[in-house]
Amino acid sequence: MPAACLVLCSLAGSACRTPDRPPVPTLRFTDVTADCGIALENVSGDPLRKTEIRETLGSGAAAIDYDRDGRLDVFVANGDVLPGRVPPAEPRPALYRNLGGMRFEDVTERAGLLFRAWGHGATAVDFDGDGHTDLYVTISLGPNRFFRNLGDGTFADATSEWGGGDAGPSTAAAFFDADSDSDLDLYVGNYVVFDPGHRPNHGQPCHWRGLEVVCGPLGTTPAADVFYENRAGRLHEATEAFGFGSVAPSYTLGAVTGDFDDDRDTDLYVVNDSMPNLLFENVGGGRFRESALDHGVDRNEDGRIQAGMGVDCGDVDNDGRFDLFVTNFSHDTNTLHHNFAAPGGRTMFEDLTYAANLGLASFRMLSWGTAIVDVDHDGWQDIVVVSGHVYPEVDAATSGTSYAQPCQLFLNGGLGPAGTVVFHPFEPAPGDAFLRTVVGRGLVVADLDEDGDVDFLVVPLHDRPLVIRNDSATPGHWIGLRLLGPGANREAIGARILIEDSRGVRRWRERASGAGYLSSHDPRIRAGLGHAGGPARVSVDWPDGRRTIYEDLPVDRYWVLDASRPDALPAAP
Numbered sequence: 288m289p290a291a292c293l294v295l296c297s298l299a300g301s302a303c304r305t306p307d308r309p310p311v312p313t314l315r316f317t318d319v320t321a322d323c324g325i326a327l328e329n330v331s332g333d334p335l336r337k338t339e340i341r342e343t344l345g346s347g348a349a350a351i352d353y354d355r356d357g358r359l360d361v362f363v364a365n366g367d368v369l370p371g372r373v374p375p376a377e378p379r380p381a382l383y384r385n386l387g388g389m390r391f392e393d394v395t396e397r398a399g400l401l402f403r404a405w406g407h408g409a410t411a412v413d414f415d416g417d418g419h420t421d422l423y424v425t426i427s428l429g430p431n432r433f434f435r436n437l438g439d440g441t442f443a444d445a446t447s448e449w450g451g452g453d454a455g456p457s458t459a460a461a462f463f464d465a466d467s468d469s470d471l472d473l474y475v476g477n478y479v480v481f482d483p484g485h486r487p488n489h490g491q492p493c494h495w496r497g498l499e500v501v502c503g504p505l506g507t508t509p510a511a512d513v514f515y516e517n518r519a520g521r522l523h524e525a526t527e528a529f530g531f532g533s534v535a536p537s538y539t540l541g542a543v544t545g546d547f548d549d550d551r552d553t554d555l556y557v558v559n560d561s562m563p564n565l566l567f568e569n570v571g572g573g574r575f576r577e578s579a580l581d582h583g584v585d586r587n588e589d590g591r592i593q594a595g596m597g598v599d600c601g602d603v604d605n606d607g608r609f610d611l612f613v614t615n616f617s618h619d620t621n622t623l624h625h626n627f628a629a630p631g632g633r634t635m636f637e638d639l640t641y642a643a644n645l646g647l648a649s650f651r652m653l654s655w656g657t658a659i660v661d662v663d664h665d666g667w668q669d670i671v672v673v674s675g676h677v678y679p680e681v682d683a684a685t686s687g688t689s690y691a692q693p694c695q696l697f698l699n700g701g702l703g704p705a706g707t708v709v710f711h712p713f714e715p716a717p718g719d720a721f722l723r724t725v726v727g728r729g730l731v732v733a734d735l736d737e738d739g740d741v742d743f744l745v746v747p748l749h750d751r752p753l754v755i756r757n758d759s760a761t762p763g764h765w766i767g768l769r770l771l772g773p774g775a776n777r778e779a780i781g782a783r784i785l786i787e788d789s790r791g792v793r794r795w796r797e798r799a800s801g802a803g804y805l806s807s808h809d810p811r812i813r814a815g816l817g818h819a820g821g822p823a824r825v826s827v828d829w830p831d832g833r834r835t836i837y838e839d840l841p842v843d844r845y846w847v848l849d850a851s852r853p854d855a856l857p858a859a860p
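So the sequence shown is residues 288 to 860, counted in this note's numbering.
Here it is in structure tokens:
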């Protein structure tokens, strides 16, 4: 990471200052796939020749402590093959119990999760607020499946009881309290209507840069997204009633929640393939207004519609406003939408992709899973991206790209001379896991070995998950927070967190839902603190409007913050 002079500023416009930074970390990431026990081979249609677009989408995974032992387990979704084809591996999902020490055990069958469906997304969420994390799986040809965690190490299919069994073809899912009644509602993103009798291009291959390839979504019928309202613990379709039906159906692949306009309610950003992205602004009273064009996040700065895949939100420049990062198709760029207050205080976004040094590095990559997270504990949030093309044919051509691609890590260098955040591509040493190429799709970012830094699990096409252990020497300090929210929203989705370190430097986080691509990250809130080794002060604005302040929390450890208690509890070691 460059030794640049970095500036931190407070929200209120007080004087900026340049705090001491910790020594430059030595970043090292180890591929532990062969020995960790996570061995499910992904199935997603034909490995060599894709003939239908669903074969290109892949699947995701979820970090879930299903047995409440303090270690994050992993659920991996899986696809299938088209009718009449023979799968190259068993097309089933898998639940892996974390044994500690980066070792996992397959417990799928005894946990009651052995089923066959063309799965795409996996969302871990405590839907009924009983303290046990449940599991929602989006499926290519529905219905989606909702599994209740019974608390004894097993799950039961609760779709008929809880609802949410959308007919699909579903991809993204985001749980959040849309009407401020302290329970979790659900937005389901759907992709295309698969109609074997009306294939794109009359059933013939399409062409991309001189290659015969599977056709993209254009020319197919987009499937309508669906919103479900939680009424007394059951999800009821309420798309029109809440304002989500005000737009035409689109090719949805990603969605993320967040308070993007800083008015203390939860909005929703939806990422579409080859169509404008959508921002549903929460206007209160259980009503939403689509306003992506008004806020400048429907397309890139050139006015071009992009082919969005994954998305995350986070405060990349430490100004207290939540920015958006979207992954896109190859021969384009991923996009950083920077959140700022326009004259009059109106929330607007500006495309800072090239200004932040994120343009050229992503141009030939086709990117999917992503996360905004402080990998090196320096106090600035970095960006992780998983990539892989949709056309196996690119390897036999001079297209300037490849089918399998490396994961990328963009290190946040803080504010540059122009006052804009600047990122620097991580340059891995020989043997580093970030040099390995995969046809990546889903990404889970989680502290899988409970050592305080984040590890990575990548779900590639037609391969076992890539598991990357973070073995970096990061001298910076950190703090981790597990939030237990009020009412039935025990996940505290929508909570805003202000973390003030011992130097008085502030950092903001939000408990979001749906981030990444078809996956669920570590549910804990984390913040790197740089040199600040003293106790931290944490303020939580809970989704129900209450605020709790926790003073003098020792750092370099995890804490449990429960909305029903005034004190913080140390997390189980």
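Quick reminder that beta carbons are idealized off the backbone N, C-alpha and C, glycines included.
The model shown is predicted, which means the values in this text are computed figures rather than measured ones.
- Message: DSSP three-state label for Phe531, please.
- Response: helix
- Identify the continuous alpha helix (DSSP H) that holds Cys323 and give its terminal residues. Its alpha helix (DSSP H) spans residues 320-323.
- Query: From this set, Arg521, Asp740, Phe433, Asn436, which residue's C-alpha is nearest Asp665's C-alpha?
  - Reply: Asp740
- Assigned exposure category for Thr508 - 16 Cβ within 10 Å defines buried: exposed
- Nearest candidate by alpha-carbon position, reference Ala326, set Phe609, Gly687, Ala381: Ala381
- Leaving out five residues before and five after Gly493 in sequence, what residues of the same chain have Cβ atoms less than 8 Å from its Cβ? The amino acid at residue 493 is misidentified as Gly; the sequence shows Cys. Answer for Cys493: Pro487, Glu499, Val500, Val501, Cys502, Gly503, listed in chain order.
- Ala376 to Tyr678 span [Cα, whole Å]: Rounded to the nearest angstrom, the two C-alpha atoms are 21 Å apart.
- Top-ranked residue by Cα proximity to Gly803, from Arg608, Val584, Gln593, Phe612: Phe612
- Query: Taking the Cβ atom as the reference point for each residue, do Val827 and Ile784 lie within a distance shorter than 7 Å?
  - Reply: yes
- Beta-carbon proximity list for Val754, same chain, < 7 Å, skipping 5 on both sides: Val319, Thr320, Cys323, Ile325, Leu744
- Determine the direct distance from the alpha carbon of Asn517 to that of Gly429, and round the result to whole angstroms. 20 Å
- Task: Pick out the complete beta strand (DSSP E) segments inside the region 331-355, 3 residues or longer, and give them in chain order.
- Result: 348-351
- Item | Contacting residues, own chain, Cβ-Cβ under 8 Å from Ala716 (five flanking each side not counted) | Arg315
- Task: Would you kindly work out how many angstroms separate the C-alpha atoms of Cys292 and Ala705, rounded to a whole number?
- Result: Only weak support exists for where Cys292 lies, its pLDDT of 32 falling under 50; the value from the coordinates is given anyway. Their backbone Cα atoms lie some 12 Å apart in a straight line.
- Task: Using the DSSP secondary-structure output, state which residues sit across from Ala720 in a beta bridge.
- Result: For Ala720, which the question treats as bridged, DSSP gives no partner whatsoever.
- Whether Val673 touches Ala658 by CB criterion (7 Å): no
- Message: Let me make sure I understand the geometry here. Which of Arg608, Leu647, Leu696 has the alpha-carbon closest to that of Asp669?
- Response: When only C-alpha atoms are compared, the closest one is Leu696.
- Task: Please look up how many angstroms separate the CB atoms of Val725 and Ala691, rounded, as I've assumed it's under 8 Å.
- Result: 6 Å
- Beta-carbon separation of Phe531 and Phe547 under 7 Å? Taking 7 Å as the Cβ cut-off, Phe531 and Phe547 do not qualify as a contacting pair.
- Query: Quick one: is Leu848 buried, meaning 16 or more other Cβ sit within 10 Å of its Cβ, or exposed?
  - Reply: buried
- Task: To the nearest angstrom, report how far apart Glu637 and Ala445 are at their CA atoms.
- Result: 43 Å
- Message: Measuring only the C-alpha atoms, how far is Arg432 from Asp809?
- Response: When rounded, the distance between both Cα atoms is 21 Å.
- Taking the alpha-carbon positions, what's the Gly440 to Arg790 distance? 44 Å
- Reference Ala642, options Val709, Val373, Phe650, closest by Cα: Val709
- Query: With distances taken between CB atoms, is the gap from Ala733 to Ala350 smaller than 7 Å?
  - Reply: yes
- Item | DSSP state of Ala299 mapped onto helix, strand, coil | Residue confidence is low: Ala299 scores 33 on pLDDT, short of 50, so the model does not pin down where it sits. No coordinate-derived value is stated.
- Message: Val424 and Gly406 - do their beta-carbons sit closer together than 7 Å?
- Response: yes
- Item | Trp495 versus Ser806, Ala799, Gly484, His676, residue with shortest Cα-Cα distance | His676
- Item | Pro306 to Trp449 span [Cα, whole Å] | The predicted model places Pro306 with a pLDDT of 42, which falls under 50 and marks its position as unreliable; any figure quoted below should be read in that light. Looking at the two C-alpha atoms, the distance is approximately 50 Å.
- Between which two residues does the alpha helix (DSSP H) carrying Ala579 extend? 579-582
- In whole angstroms, what is the alpha-carbon distance linking Leu805 and Ala461? Approximately 10 Å between the Cα atoms of the pair.
- Taking just the CA atoms, how far does Gly701 sit from Pro289? Here Pro289 scores only 34 on pLDDT, less than 50, and its place in the model should not be relied on; the value that follows carries that caveat. Pairing Pro289 with Gly701, the inter-Cα distance amounts to about 10 Å.
- Three or more C-beta pairs closer than 8 Å, one from the region 587-605 and one from the region 616-630: is that the case here? yes
- Item | Alpha-carbon spacing of Gly545 relative to Pro370, whole angstroms | 39 Å
- Query: DSSP state of Pro787, grouped into three classes?
  - Reply: The sequence shown places Glu at residue 787, not Pro. Reduced to three states, the DSSP call for Glu787 is strand.
- Just curious, the beta strand (DSSP E) that Trp846 is in, first and last residue? Where Trp846 is concerned, the enclosing beta strand (DSSP E) stretches over 845-849.
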